[in-house]
Every structure is written in C-alpha cells, then in structure tokens.
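Structure first, then comments.
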Amino acid sequence: MKIIIAGAGEVGFHLAKLLSNESLNIVVVDLDKDKLEKIESQIDVLTHRGDCTSFKTLKEVGISDSDIFIAVTQLQNTNLMSALIAKKSGCKKVIARVTNPEYLERSNMLAMQRAGIDMLISPEQLAANEILNLIEESVFNEIHSFENGALNLLGIILEHNSSVINKTVKEVAEAYGDDINFLPIFIIRSDGGTYETIIPRGDTVYKMDDHVYFIALQSAKEIIHKISGKSHHRLADVMVLGGGRIGTKTARLLKKSNHDVKIIERDRDRAYDLADEFHDILILNGDGRDSDLLEEEGISEIDAFIAVTGRSETNIMACLLAKSKGVKKTIALVENTDYIHLSQVIGINGFINKKLMTANAIFKHIRKGKVLDVTNLYDLQAEVLEFRVDEGAKICNKKIGSLKFPKQAIVGGIVRNNKGYIPTKDFVILPFDKVVVFSQPDSINKVEEYFET
C-alpha cells in the first residue's frame, strides 16, 4: 500500500511514525526542509520537498498509483485543495484535516464526499469530545472504549490510600476470584525523572503513583474507583480557560450535558464576541493565571478546570494554580509532547494532545484487514489493538495460557457476541471473537502473526 502524507508537522510526523511500523510505502511531502530532515533522521519513510497543492509535486511522488493521500498541514484550504487534486489525479482515497466546524455538518460532509474527499477530520472536535469524556468519567485520566463499551481501556493513577499498593497483581486478582472483570495491561512508572513502561505479570507489585491502564468490563469501573483510592463524583461546575475553537466546542458539549460553564478569555474583543454568541455561558475577560481573578470567580467551588489556550506552558501553569485552589480535576491542552509526562507527574489529572489524537484517528481509519481498532498511547511507547479472529488463524481454538506471546505483549480482553470477557489462562479463543491486545511497537508484527490465516 502506498500512502502520501502532505504536511510534516506534528500530525504528519506522528502519523508517519505510526504507519512506518506497518511495512507500507510512505512518502511525506512538505516545503519545510528542516521538518523533512527531522522525519528522515527518525523514521524509515521517504520525503519529498514541494508544494502539496502543485500538480507537478503530486505527479513527482506518484499520486496516480497511490492508495491513500492524507493532507494534514496547518492550513485548511491547502488540505482541501491538495486532497481534491490528489483524488482527481487518480489516488483511491483522500483524507483532509479541517478547522472550520461547518465542514463537519452532515450535509456539508456529504457534499465534500461527492466532490471526492472521502474523510474530513477535525483535531479541535476530537479534543472537545475527549475532554467531555474525561469530565463525565471524573476518576479516570484516559478512557478508550472497544465495541461500544463492551471493553474499556481505563487509565488511573494510584493514590496513597489505594488498597492495592504493595500488593502483587496476582494477589489482587485472587481477591476477586473467577468473577474478576478487569485486568492491568500496562503500568507507567516514574523513576528519578525517567519513565518505564511495565507489562504487569502475576508477581508485579503495584506502587504509589503508578499510572495503571486496565482493560475492564463496564461493571468494573466502580471496583477500579475503589481500589485506586478514588471515588466517582459528578463535575457539575466547569471553568474553561481559552475561548478558541477547542474551548468553545468544549463549552457547547458541556452545556448540552447539563454542566454549568464559565469561559475565561484573555483577548477583550474575543471575549465580547463570545458573550454575544453564548447567552447561557458566563464569559470572563482576563488571564487564567491571575490568582485574584480566579478567587473572585469562586475557583474553590469549581469542580473541573480545563485549560485550552494555544500555549502549553500557560495551560500547565493555570491548571497547577487551579489545583492549588482545590479544584477536583484539571485538564490541560498540551501541544508540546515533551510536556505530556511532566503534566501528569506534577499533578494535572488529564492532558489533551490534539495532534496525537488526530494521527491516531486517521491511523484507525486507514488500517485494514484483521485489525479493527488501534489506540496509540504515551507518544508511541505502547499500542492497544483490537483484532478479529478468522477461522484458521493461529490463535483460533487455542487457550490463552498456551499462547507463546512475545513478552512485550499481552491479551487484555475478548468480545464475543457483543459481550466483553476478561480471559483467564483457560479461556479458549473462538472464530469471530474480537481480541484486545496490548503491545509495545517492537512486538506488533509478531502479535499480528497469531491472527493471520
């Protein structure tokens, strides 16, 4: 499969990195020489310097015999124009990144499909949806669902009062017997400024401040709340810092879900525009890092604080200030991926990186065959994949305990006839099962061999 990516920014970079593990023919196109050199030095893909809206450039990279063209530059019009040219030049499928919410309205999306663009994707909409998810599930700092919630990937940090600290995975599992409905699939552990990804086994010991990811049935959420040392509570009052696209989309979603919302916007003219647009949301003009302003607006009574300005540093500092005032949950938009780990270590409950989310969403859409879904976590250090089991596959009719999976991979859950299962070693995998597997990148190809026919 030949894939051309237009745009060597962070979205293009991470998408190329994801796809490079798939043994595909990938070409990244951009005018920025430095960005292309960065990609060449870190990823095994081809690059081409040129204008992606140029017929000449697209012809040079072989657009006519390409399978997929993905336009993810920072300019919406460039993405739309290059995608249309790519489709008319013979590319089978084209995807374009957009920022204008009008394009995401159903009638307009259908119009774009008729014009030739197969998929539109909005990083801002993805970010707003994820923020709403994190607010609704107040305890967790990361949530991903498989098969409409039959299985869930839940990320949580173990507090000092967690009942599982200093216990092994096996000890905790034995306490729930055969009815266990959750399984830890990996742990992120900080050690003196470095971060270790651990695939837990029976003798792995839980430690305080571990960031644990569980595969769980819907019924396990309350149990995980309990063992983590946290309890679920509705986050009714929410303050949003930043009145840009993500802030306003998030505010709309929160309001529809019956949350009380305030928006803080630093730019005076923008604040007045927002006040005219939102009649049921309080708009404040000011700096969200101003302690006096937050005090005046009752920050101590706020349940959740969401910082989504265009600056990662501002978002992190504002969340820390809100946390110091007693806010239960803080969420920061972190565009600089170097800050992702830092934001959690210093106490921010959730982070949003719209560029990584966009790359993941596109990756899910274009990945074919037996892989039904993929969630990339922690800046490419881990993937959670959902596979379909076909008759004749190596894994079919085998017990979990008999599989010689790579040490860097683990079967987390099974969906059978729309019902989720947390498998024991005696669980037999049958045809048409859907299997959720955690794997580190180096082991993905070996894992996929088990699902080949």
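Each residue of the sequence shown is one higher than the one before, starting from 1 at the first, in full-length UniProt numbering.
Glycine residues also receive a C-beta, built at the ideal position from the N, C-alpha and C atoms.
Here the structure is a predicted model, which means the values were calculated and not measured.
Contact check, residue 137 vs residue 131 under 8 Å by CB: the rounded distance? Here residue 137 refers to the residue found at position 137 of the sequence shown. Here residue 131 refers to the residue found at position 131 of the sequence shown. 11 Å between Cβ atoms; not a contact.
Classify residue 457: buried if its beta carbon has 16 or more other beta carbons within 10 angstroms, exposed otherwise.
Within the shown structure, residues of the chain are numbered from 1 to 453, placing residue 457 beyond reach of any answer.
task: Please name the residue, chosen from 101, 98 and 52, that lies closest to residue 82 on a Cα-to-Cα basis.
output: In the sequence shown, residue 82 corresponds to position 82, counting from 1. Among 101, 98 and 52, the Cα nearest to that of residue 82 is on 52.
Requested in this report: Report the partner residues of residue 168 according to the DSSP bridge assignment.
Outcome: Start at 1 with the first residue of the sequence shown, and residue 168 comes out as number 168. 205, per the DSSP bridge assignment.
Between which residues of its own chain and residue 34 is the CB-CB distance below 8 Å, once the five residues before and five after are set aside?
The residue you call residue 34 lines up with position 34 of the sequence shown. No residues qualify anywhere along the chain.
(Q) Pull the bridge partners of residue 239 from the DSSP assignment, please. (A) Translated into the one-based positions of the sequence shown, residue 239 becomes position 239. DSSP, once it has assigned bridges, lists 262 and 305 as partnering residue 239.
Worksheet item: Applying the criterion that 16 or more other CB atoms from any shown protein chain within 10 Å of the CB defines a buried residue, is residue 14 buried or exposed?
Response: Within the sequence shown, residue 14 is the residue found at index 14, counting from 1. Residue 14 is buried by the Cβ-count criterion.
| request: Report the option in 421, 446, 451 and 425 whose CA atom is closest to the CA atom of residue 431. | output: Taking the first residue of the sequence shown as 1, we reach residue 431 at position 431. With distances taken between CA atoms, residue 431 lies nearest to 451 out of 421, 446, 451 and 425.
Next on the checklist: Applying the 10 Å Cβ sphere with the 16-neighbour rule, what's the burial state of residue 6?
Outcome noted: One-based indexing of the sequence shown puts residue 6 at position 6. Buried: at least 16 other Cβ atoms inside 10 Å.
So, helix, strand or coil for residue 431, using DSSP? Within the sequence shown, numbered from 1, the residue matching residue 431 stands at position 431. Three-state result, residue 431: coil.
query: Under the three-state reduction of DSSP, which class applies to residue 247: helix, strand or coil?
result: Here the question's residue 247 lines up with position 247 in the sequence shown. Reduced to three states, the DSSP call for residue 247 is helix.
| Thinking C-alpha only, which one of 45, 72 and 42 is nearest residue 9? | As a working note, residue 9 is residue 9 in the sequence shown. If we check each option's Cα against that of residue 9, 72 comes out closest.
How is residue 461 classed by DSSP in three states: helix, strand or coil? It is not possible to answer for residue 461, since the shown part of the chain is limited to 1 through 453.
Subject >> Burial state of residue 18 (16 or more Cβ within 10 Å) >> reply: Looking up residue 18 in the sequence shown gives position 18. Residue 18 comes out buried.
By how many angstroms is the C-alpha of residue 253 removed from the C-alpha of residue 108? Indexing the sequence shown from 1 puts residue 108 at position 108. Indexing the sequence shown from 1 puts residue 253 at position 253. Distance between the alpha carbons of residue 108 and residue 253 is about 21 Å.
Q | C-alpha distance - residue 49 paired with residue 87, whole-angstrom precision | A | Translated into positions along the sequence shown, residue 49 becomes position 49. Translated into positions along the sequence shown, residue 87 becomes position 87. Each residue's alpha carbon lies about 20 Å from the other.
With 16 other Cβ atoms within 10 Å as the buried cut-off, status of residue 306: As a working note, residue 306 is residue 306 in the sequence shown. Per the 10 Å Cβ criterion, buried.
- Message: Which residue marks the beginning of the alpha helix (DSSP H) containing residue 77, and which one marks its end?
- Response: Here residue 77 corresponds to residue number 77 of the sequence shown, with the count starting at 1. Segment 76 to 88, the alpha helix (DSSP H) holding residue 77.
query: Expressed to the nearest angstrom, what Euclidean distance is found between the alpha-carbon atoms of residue 286 and residue 190?
result: As a working mapping, residue 286 is identified with position 286 in the sequence shown. As a working mapping, residue 190 is identified with position 190 in the sequence shown. Approximately 36 Å, taken between the alpha carbons.
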